[in-house]
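Residue numbers (our numbering): 226 to 299.
Built from N, CA and C at the ideal position, the CB exists for glycine as well.
Computed from a predicted structure; not experimentally measured.
This report concerns only the one structure given below.
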């Protein structure tokens, strides 16, 4: 199995608009998000067509807050 991953640190004070910009322009396919910041990531995910999956760590994922086209795992 091969995973082509690149770690990208995102400052915890980023706004939804800034996250949308990073998700869209970075063509993220599967971000790893802390449960505390998952609601903000969910708002950014709606405008990022390249996203396919989201991995939520540090708590239970709330799949309902993400667009239905995404697979959400925790």
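Does the Cβ-Cβ distance between residue i and residue j come in under 9 Å?
i, j, result
"residue 279", "residue 260", "no"
Which word fits residue i, buried or exposed, when buried means at least 16 other C-beta atoms lie within 10 angstroms of its C-beta?
i, result
"residue 270", "buried"
"residue 256", "buried"
What is the rounded straight-line gap between the Cα of residue i and the Cα of residue j?
i, j, result
"residue 285", "residue 297", "10 Å"
"residue 247", "residue 227", "24 Å"
"residue 287", "residue 234", "22 Å"
"residue 239", "residue 294", "24 Å"
"residue 267", "residue 273", "10 Å"
Which residue's Cα is closest to the Cα of residue i: the options?
i, options, result
"residue 299", "227, 244 and 258", "258"
Starting from residue i, trace the alpha helix (DSSP H) in both directions and tell me its first and last residue.
i, result
"residue 229", "Residue 229 -> no alpha helix (DSSP H), and no H or E assigned at all."
Between which two residues does the beta strand (DSSP E) harbouring residue i extend?
i, result
"residue 259", "257-259"
"residue 280", "278-282"
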